[in-house]
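Peer 1:
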Amino acid sequence: MPELIQGFYNDLVLVERRAELSAETYCISCREFLSWLESKEIDVSDVQVQNMIYFLAWRKENGSSSQTLAKDISALRAFGAYLKRQGIWQENLSLELDRPKASRILPSVLSVDEVDSLLAVIDVTKPLGIRDRALFELIYSCGLRISEASGLLVSNVHFDERILMVHGKGDKERIVPFGEEASFWLRKWLTEVRPNIVGSRQISYVFVNCRGEMLSRKGIWKNFQALEQKSGVHAKVHTLRHSFATHLLSGGADLRSVQELLGHSDLSTTQIYTHIDNEQLREYHRGYFPGHMNNSRHSGEEK
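All letters in the sequence shown, in the order written, are residues 53 to 355 by the numbering used here.
(1) Suppose you measure from the CA of alanine 172 to the CA of cysteine 79; what does that come to, to the nearest Å?
(2) Are there 16 or more other CB atoms within 10 angstroms of the CB of methionine 104, so buried, or fewer, so exposed?
(3) Would you decide whether serine 320 is buried or exposed? Buried here means 16 or more other CB atoms lie within 10 Å of its CB.
(4) Any chance the stretch 170 to 185 sits against the stretch 296 to 312, with 3 or more Cβ pairs inside 8 Å?
(5) Give a yes or no on contact between the stretch 205 to 216 and the stretch 300 to 311, applying the rule of three or more CB pairs nearer than 8 Å.
(6) Taking all protein chains shown into account, decide if leucine 216 is buried (16 or more other Cβ within 10 angstroms of its Cβ) or exposed.
(7) Using a threshold of 7 Å, state whether the C-beta atoms of serine 199 and alanine 127 are closer than that.
(8) Out of curiosity, what's the CA-to-CA distance linking leucine 108 and arginine 129?
(9) Buried or exposed: where does glutamine 254 fall if 16 or more other Cβ atoms within 10 Å of its Cβ makes it buried?
(10) Counting C-beta neighbours from all protein chains within 10 Å, is the total for valine 67 16 or more, i.e. buried, or is it exposed?
(11) From which residue to which residue does the alpha helix (DSSP H) around leucine 190 run?
(12) Quick one: Cα of glutamate 148 to Cα of isoleucine 125, how far?
(13) Throw me the rounded Cβ distance for the tyrosine 134 and phenylalanine 60 pair, which I believe falls under 8 Å.
(14) Under the three-state reduction of DSSP, which class applies to histidine 350: helix, strand or coil?
(15) Ordered along the chain, which non-local residues of its own chain (more than five positions away) have a Cβ less than 7 Å from that of alanine 71?
(16) Let me confirm a value: isoleucine 236 is counted as buried when at least 16 other C-beta atoms fall within 10 Å, else exposed. Which label applies?
(17) So what's methionine 104 in DSSP terms, helix, strand or just coil?
(18) Can you give me the start and stop residues for the beta strand (DSSP E) that proline 229 sits inside?
(19) State buried or exposed for glycine 139, treating a residue as buried only when at least 16 other CB atoms are found within 10 Å of its CB.
(20) Give the single residue among Leu56, Glu76 and Gly115 whose Cα lies nearest to the Cα of valine 65.
(21) Ignore the nearest five residues each way along the sequence and tell me which others in lysine 136's own chain have a CB closer than 8 Å to its CB.
(22) Just list the residues that DSSP pairs isoleucine 215 with in beta bridges.
(23) Could you check which residue in Arg83, Ser74 and Leu73 has the C-alpha nearest to that of glutamate 55?
(24) If we require 4 or more residues per run, which alpha helix (DSSP H) segments fall completely within the stretch 241 to 270?
(25) How many whole angstroms separate the CB atoms of isoleucine 272 and valine 260, which I take to be in contact at a CB cut-off of 8 Å?
(26) Which residue's Cα is closest to the Cα of leucine 187: Lys178, Ser202 and Thr177?
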């Protein structure tokens with residue numbers, strides 16, 4: 053089983069050119085499937101469509117959401133294609149599986165005040181505090197994914213034009229502008245603090261840890277958790293990206309521009325932020341529009 057999963061992972065990354073994170077997610081689903089087959093004493097070469105249906109039913113019984121099941125089916129389809137190429141399956145049976153309609157959950161978004169409160173608790177009297185302020189200002193100012201921030205190169209930061217060259221999903225590059233606040237803290241980090249940490253070594257990454265090595269996604273996540281607890285603002289790192297998009301649309305930006313800035317290949321992915329904005333409008337309406345608070349139809353009065 054480990055060899056089969058490793059081969060599948062290599063195929064996804066090297067042949068299919070999938071992002072490493074997507075390949076890892078697919079492998080997790082397929083590892084679950086192979087473990088389930090093993091528990092049922094079914095060899096992978098003998099799998100039938102009915103077996104996959106039973107596996108998905110088992111996943112659902114164990115609490116998997118419709119979104120997780122849709123992801124499992126995508127993984128099984130890719131795995132089936134790999135097994136067919138390897139001659140283990142004669143045809144890709146997983147193509148007969150129907151994806152469930154996943155209900156779209158609106159991502160949580162912070163208000164501008166909440167973003168300010170979150171960033172304000174960073175201790176910028178400490179060198180790594182300046183790094184974290186620059187990091188999270190940039191994630192919010194540019195709508196970066198955590199992997200994009202972690203892998204950002206010094207050579208891709210252009211202060212004169214105030215733009216970043218961002219390497220996103222599927223090896224796609226995009227140009228994203230950044231704001232004054234992000235520029236201030238990023239320059240301070242790169243010119244005053246980072247040189248003392250990396251020393252004479254040639255480190256290509258913008259954000260490094262205390263040892264001068266690339267700051268990992270896990271490291272960014274842990275640092276953000278500490279800020280969340282300190283500030284009392286409940287959020288995830290990705291919430292800053294959601295907030296960036298929503299605040300742009302609220303300020304009048306058009307959907308296509310926001311799509312480009314986020315690096316979405318499909319406009320429908322970006323459209324979810326218009327739903328968030330509509331939810332906010334409804335909240336404002338409920339909060340500030342009195343409506344028929346003293347409705348005469350219910351009081352029996354005529355006017």
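Heads up, the beta-carbon is just placed ideally off N, CA and C, and yes, glycines get one too.
Peer 2: Reading it off the structure:
(1) Taking the sequence shown and counting its residues from 1, the one referred to as residue 172 is at position 120. Taking the sequence shown and counting its residues from 1, the one referred to as residue 79 is at position 27. One C-alpha to the other measures close to 39 Å.
(2) Numbered from 1 along the sequence shown, position 52 holds the residue referred to as residue 104. Buried: at least 16 other Cβ atoms inside 10 Å.
(3) Within the sequence shown, residue 320 is the residue found at index 268, counting from 1. Taking all protein chains in view, the Cβ of serine 320 is surrounded by fewer than 16 other Cβ atoms within 10 Å, so the residue is classified as exposed.
(4) no
(5) no
(6) Locating residue 216 in the sequence shown gives position 164, counting from the first residue. It counts as buried.
(7) The sequence position of residue 199 within the sequence shown is 147, counting from 1. The sequence position of residue 127 within the sequence shown is 75, counting from 1. Result no, Cβ atoms of serine 199 and alanine 127 do not sit closer than 7 Å.
(8) Residue numbering aside, residue 108 sits at position 56 when the sequence shown is read from its first letter. Residue numbering aside, residue 129 sits at position 77 when the sequence shown is read from its first letter. Distance between the alpha carbons of leucine 108 and arginine 129 is about 13 Å.
(9) As a position in the sequence shown, residue 254 is number 202, starting the count at 1. Exposed, by the Cβ-count rule.
(10) On the sequence shown, position 15 is the one that residue 67 refers to. Exposed.
(11) For this step, residue 190 is matched to residue 138 along the sequence shown. Its alpha helix (DSSP H) spans residues 179 to 194.
(12) Locating residue 148 in the sequence shown gives position 96, where the first residue counts as 1. Locating residue 125 in the sequence shown gives position 73, where the first residue counts as 1. For glutamate 148 and isoleucine 125, the distance between alpha carbons rounds to 10 Å.
(13) On the sequence shown, residue 134 is found 82 positions in, with the first residue counted as 1. On the sequence shown, residue 60 is found 8 positions in, with the first residue counted as 1. Correct: roughly 5 Å between the Cβ atoms.
(14) For the purposes of this step, residue 350 is identified with residue 298 of the sequence shown, where counting begins at 1. Its pLDDT being 44, under 50, histidine 350 is placed unreliably in this model, and the coordinates cannot settle the point.
(15) Counted from its first residue, the sequence shown places residue 71 at position 19. Excluding sequence neighbours, alanine 71 sits near Lys221 and Gly222.
(16) Within the sequence shown, residue 236 is the residue found at index 184, counting from 1. One point to set straight first is that residue 236 is phenylalanine, not isoleucine, in the sequence displayed. Answer is exposed; the Cβ neighbour count stays below 16.
(17) As a working mapping, residue 104 is identified with position 52 in the sequence shown. It is helical.
(18) Position 177 of the sequence shown, counted from the first residue, corresponds to residue 229. Run containing proline 229: 225 to 229, per the beta strand (DSSP E) assignment.
(19) Taking the sequence shown and counting its residues from 1, the one referred to as residue 139 is at position 87. Looking at its Cβ environment, which holds fewer than 16 other Cβ atoms inside 10 Å, glycine 139 is exposed.
(20) By one-based count along the sequence shown, residue 65 stands at place 13. Ranking the options by Cα distance to valine 65, first place goes to Glu76.
(21) Counting from 1 along the sequence shown, the entry for residue 136 is found at position 84. Once the five neighbours on either side are set aside, the close Cβ partners of lysine 136 are Gln142, Glu143 and Asn144.
(22) Against the sequence shown, residue 215 aligns to sequence position 163. DSSP lists His210 and Pro229 as partners of isoleucine 215.
(23) What you label residue 55 is simply residue 3 of the sequence shown in a count that begins at 1. When only C-alpha atoms are compared, the closest one is Arg83.
(24) 246 to 250
(25) Taking the first residue of the sequence shown as position 1, residue 272 is located at position 220. Taking the first residue of the sequence shown as position 1, residue 260 is located at position 208. The pair is not a contact, with the Cβ atoms about 12 Å apart (cut-off 8 Å).
(26) Translated into positions along the sequence shown, residue 187 becomes position 135. Among Lys178, Ser202 and Thr177, the Cα nearest to that of leucine 187 belongs to Ser202.
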